[in-house]
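>
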Amino acid sequence: MKLPISTEFIKLDALLKFAGLCATGGEAKNVIADGEVLVNGEVCTMRGKKIRPGDRVSFQGQELEITAC
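Letter 56 of the sequence shown, counting from 1, is numbered 55 in numbering that gives the first Met the number 0, and no numbers are missing.
1. Taking the beta strand (DSSP E) that Leu2 falls in, what are its first and last residues?
2. What residue does the alpha helix (DSSP H) around Phe17 start on, and which one ends it?
3. Rounded C-beta distance between Lys28 and Asp12? I'm assuming under 8 angstroms.
4. Using 10 angstroms around the beta-carbon of Val42, count the other beta-carbons present and answer buried if the total reaches 16, otherwise exposed.
5. From the DSSP output, which residues share a beta bridge with Leu63?
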């Protein structure tokens, strides 16, 4: 699924909330810390990781392709 963002980047935890994959920031923080999120095919445990257009984020079978608005 393509997900457009209007800024230069979005932090990984905020992206999970923005995309509706996590209900709260706390939930996003936990799933990232538990290694459940992939960024460009690699496990990412940094909740503040900057996600930019062109990046791919995978979580619970959902894959997001980040695009610019």
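We put the beta carbon where it would ideally sit given N, CA and C, even for glycine.
Let's see:
1. Taking the sequence shown and counting its residues from 1, one reaches residue 2 at position 3. For Leu2, the enclosing beta strand (DSSP E) starts and ends at 1–4.
2. Residue mapping note: residue 17 aligns to position 18 of the sequence shown, counting from 1. Residues 11–17.
3. Residue 28 sits at position 29 when you count from the first residue of the sequence shown. Residue 12 sits at position 13 when you count from the first residue of the sequence shown. The C-beta separation of Lys28 from Asp12 comes to about 6 angstroms, placing the pair in contact by the 8 angstroms criterion.
4. As a first step, residue 42 must be located in the sequence shown, where it is residue number 43. By the 10 Å Cβ count, Val42 comes out exposed.
5. For the purposes of this step, residue 63 is taken as residue 64 along the sequence shown, with counting starting at 1. Val56.
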